[in-house]
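Structure, as structure tokens:
2 protein chains.
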Amino acid sequence: MERHRLIPRYRDGDRKIEAGRDLFSIGSSGKSIFNLLEGWVAVYTLLEDGRRQIVQFALPGAILGVLPSRRAPATVGAQALTEVAVSVIPVSVLTSHSQADPEIGMRLARSLAHDCNLAFDHLTSIGRRSARERVAHLLLELFTRYRAQWPGNRSEEMVLPLTQEQIGDATGLTFVHVNRVLSALRKEGIVQFHYRRLRILDPDRLIEVAGVDPEIAMSWLERCPWA
Amino acid sequence: MERHRLIPRYRDGDRKIEAGRDLFSIGSSGKSIFNLLEGWVAVYTLLEDGRRQIVQFALPGAILGVLPSRRAPATVGAQALTEVAVSVIPVSVLTSHSQADPEIGMRLARSLAHDCNLAFDHLTSIGRRSARERVAHLLLELFTRYRAQWPGNRSEEMVLPLTQEQIGDATGLTFVHVNRVLSALRKEGIVQFHYRRLRILDPDRLIEVAGVDPEIAMSWLERCPWA
DNA sequence: CGCTGAGTTGAAACATGTCAACCGGTGTGG
DNA sequence: CCACACCGGTTGACATGTTTCAACTCAGCG
Chain W
21 MERHRLIPRY RDGDRKIEAG RDLFSIGSSG KSIFNLLEGW VAVYTLLEDG RRQIVQFALP
81 GAILGVLPSR RAPATVGAQA LTEVAVSVIP VSVLTSHSQA DPEIGMRLAR SLAHDCNLAF
141 DHLTSIGRRS ARERVAHLLL ELFTRYRAQW PGNRSEEMVL PLTQEQIGDA TGLTFVHVNR
201 VLSALRKEGI VQFHYRRLRI LDPDRLIEVA GVDPEIAMSW LERCPWA
Chain E
21 MERHRLIPRY RDGDRKIEAG RDLFSIGSSG KSIFNLLEGW VAVYTLLEDG RRQIVQFALP
81 GAILGVLPSR RAPATVGAQA LTEVAVSVIP VSVLTSHSQA DPEIGMRLAR SLAHDCNLAF
141 DHLTSIGRRS ARERVAHLLL ELFTRYRAQW PGNRSEEMVL PLTQEQIGDA TGLTFVHVNR
201 VLSALRKEGI VQFHYRRLRI LDPDRLIEVA GVDPEIAMSW LERCPWA
């Protein structure tokens, strides 16, 4: 858990948040940033009519809620998918620490650059891939990122704390269609996903269906996004 | 032009690049970052089979080519849409300057946070909006961002250096469909876009079709993304 | 035991993609 | 100066992927 901290010895802002709750909501002020220490978080946007898009899944080490300017309100919200531990860092604390240690600003920049790259990848997936490719791509990404957190873990199984509806919100599909895609992948013996348990049955075919270049898969191998 | 510089007095890396050329390509090393001073740039990804996705349009003040780690090769390329002026900053120069001035890291972070927010918005558009909404949204975004660069400008017309195919690559549509959407918007007297000239005929209806909240439109009002 | 949230399946509607033909401007070489 | 090719744009007919709507199952839970 210590290795995930942006500001090593700052502990005053540590909080626990239960699954389902928002760390911060759309429209919030951005007076603090959130350094995720444990658990899964979904960052999402909403349209007026209730359509929802998950734009990012955050794992331990992620930094959330960074606004480009101090007066811009957040256009995204962040929901805990599991129980979550975060370090809440007021912007004032961040700026004072970054003045003492210029490395902090650069770490923050690296983390944001990482998020940008993931977002670009996600964008490409949604914009240019078929439903089948998108779902495969997402499962592979999440599996890879998850596994990188537990070095040496060789299991092909994991708890993926998502519903099919959330997968739909992330891939730009309806949950009905996500279901059909998952059924097909299951019948073909590629992956199994049932009630939050994901099992990769045939990694090679999954990679093929997802259409990912091993190069790119490597960029998901974060333990700490700024390292 | 000076107001767009991340590192105020660094001029050694200044370059001009002609329209159509890449500032950097997919797979490049990331030994330098690119501070856009003048012109338009499209940041894109490619899939193996040639499908292309434009993930970002960069305007003066943007910072491009920032990699999360020093050894990750770029998964995106950046193409000049117009003639472009950039300041090419070697990472070594960046790190040495940022040690002297901690503000530089934070500026970089703000710029990246801005890019992330735009990417999230773009993601939402592609994932959850109809073709018509997406195109309207993109035109409105680009018009707003462009206009913010020329404070006081009240013209409803601009040069938008894009082909319909590039609009398709940005919105995740085919150029044929983009054409149909643009024809419809033109017939309805909302916008006109012909050979790189964009004219907004009915701003209110465009905003309505795009389905944007004025709040969000404000977040596009960058003059310098880190200011 | 009935309720609720998640998942599953089928049929039909619809948005967008594909393919193909054609237009108009522009630059180039004979 | 004409012929031609090329690029971007335009339009129609048709194919297809995805959504919508609706009904139903299953598991967990008060």
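Line order of the protein sequences matches chains W and E. Under the working numbering, the first residue of the first sequence carries the number 21, and numbering increases by one thereafter. Under the working numbering, the first residue of the second sequence carries the number 21, and numbering increases by one thereafter. Glycine is no exception: its CB is placed at the ideal position from the N, C-alpha and C atoms.
Pairwise C-alpha distance: residue j and residue i
i              : j              : result
L66 (chain W)  : D32 (chain E)  : 44 angstroms
Q99 (chain W)  : R90 (chain W)  : 22 angstroms
A168 (chain W) : H142 (chain W) : 19 angstroms
W246 (chain E) : P88 (chain W)  : 7 angstroms
P93 (chain W)  : F195 (chain W) : 30 angstroms
G192 (chain W) : Q73 (chain W)  : 7 angstroms
R206 (chain E) : G40 (chain E)  : 28 angstroms
S145 (chain W) : H117 (chain E) : 37 angstroms
S107 (chain W) : D34 (chain W)  : 4 angstroms
T95 (chain E)  : C244 (chain W) : 19 angstroms
C136 (chain E) : V201 (chain E) : 27 angstroms
A121 (chain W) : H197 (chain W) : Note on identity: in this sequence residue 121 (chain W) is Asp, with Ala being the wrong assignment. Their backbone Cα atoms lie some 49 angstroms apart in a straight line.
L221 (chain W) : E208 (chain W) : 10 angstroms
R225 (chain E) : I37 (chain W)  : 42 angstroms
Q119 (chain E) : S48 (chain E)  : 26 angstroms
V113 (chain E) : P223 (chain W) : 42 angstroms
G172 (chain E) : Y166 (chain E) : 12 angstroms
A204 (chain E) : E242 (chain W) : 45 angstroms
P234 (chain E) : V111 (chain W) : 26 angstroms
L138 (chain W) : L138 (chain E) : 13 angstroms
I210 (chain E) : P80 (chain E)  : 28 angstroms
S52 (chain E)  : Q212 (chain W) : 43 angstroms
Per-residue contacts from residue i into chain E (C-beta, under 7 angstroms)
i              : result
V75 (chain W)  : F140, L143, T144
C136 (chain W) : L132, D135, C136, A139
R71 (chain W)  : R148
I236 (chain W) : T95
A92 (chain W)  : S239
Supposed close pair residue i, residue j - CB separation, criterion 8 angstroms
i              : j              : result
E153 (chain W) : V229 (chain W) : 6 angstroms
H157 (chain W) : V232 (chain W) : 6 angstroms
L180 (chain W) : R216 (chain W) : 6 angstroms
L57 (chain W)  : A133 (chain W) : Not a contact, Cβ separation roughly 21 angstroms.
G85 (chain E)  : G50 (chain E)  : 6 angstroms
T183 (chain W) : A237 (chain W) : Contact doesn't hold; Cβ gap of about 25 angstroms is too wide.
For residue i, the nearest candidate out of the options (CA to CA)
i              : options                        : result
V61 (chain E)  : E:G50, E:R71, E:L43            : E:L43
D218 (chain E) : E:L101, E:S175, E:R243         : First, the residue type needs correcting, since residue 218 (chain E) is Leu and not Asp in the sequence shown. When only C-alpha atoms are compared, the closest one is E:S175.
H214 (chain W) : W:P234, W:E185, W:L241         : W:E185
N199 (chain W) : W:W170, W:I236, W:A151         : W:A151
A78 (chain E)  : E:Q119, E:A190, E:H117         : E:A190
E68 (chain E)  : E:I46, E:G81, E:R148           : E:I46
R25 (chain E)  : E:S239, E:N137, E:T95, E:S131  : E:S131
L159 (chain E) : E:E177, E:P171, E:R148, E:N173 : E:E177
I227 (chain W) : W:C244, W:G172, W:Y166, W:V155 : W:V155
I124 (chain E) : E:L221, E:F140, E:D224, E:Y30  : E:Y30
F140 (chain W) : W:C244, W:E38, W:W240          : W:W240
G188 (chain W) : E:I187, E:P28, E:H197, E:G147  : E:G147
A82 (chain E)  : E:A204, E:R127, E:S48          : E:R127
I109 (chain E) : E:P122, E:A129, E:F54, E:N137  : E:F54
T102 (chain W) : W:G209, W:G59, W:K36, W:E208   : W:G59
I27 (chain W)  : W:I210, W:E208, W:E242, W:T115 : W:T115
G265 (chain E) : W:S112, W:P223, W:R149, W:P171 : Since the displayed chain E opens at 21 and closes at 247, residue 265 (chain E) lies outside it and no answer follows.
M21 (chain E)  : E:A129, E:I210, E:L138, E:W170 : E:W170
Proximal chain W residues relative to residue i, where beta-carbon distance stays under 8 angstroms
i              : result
Q99 (chain E)  : Within 8 angstroms Cβ-Cβ: nothing; Q99 (chain E) doesn't reach chain W, min ~14 angstroms.
D233 (chain E) : E68
M178 (chain E) : In chain order: nothing, as chain W lies at least about 23 angstroms away.
Chain-ordered neighbours of residue i on chain W, where CB pairs are closer than 9 angstroms
i              : result
Q184 (chain E) : Correct list: empty, because the minimum Cβ distance to chain W is about 16 angstroms.
Interface residues of chain E facing residue i [CB-CB closer than 8 angstroms]
i              : result
F192 (chain W) : It is worth fixing the name first, because residue 192 (chain W) is Gly in this sequence and not Phe. I146, G147, R148, listed in chain order.
M126 (chain W) : T115, S118, G125, L128
heavy atom of the ligand SAH below 7 angstroms from residue i C-beta
i             : result
N55 (chain W) : What this structure holds is no ligand at all, so the ligand SAH is not there to describe.
Listed by chain order, chain W residues near residue i by CB distance under 7 angstroms
i             : result
P88 (chain E) : R130, A133, H134, N137, P245
Members of the stretch 42–68 of chain W that neighbour chain E once the beta carbon cut-off is set at 7 angstroms: T65, L67, E68
Select from the stretch 103–124 of chain W all residues with a C-beta closer than 9 angstroms to any C-beta belonging to chain E, and list them in chain order. The residues in question are L114, T115, S118, Q119, A120, D121, P122, E123, I124.
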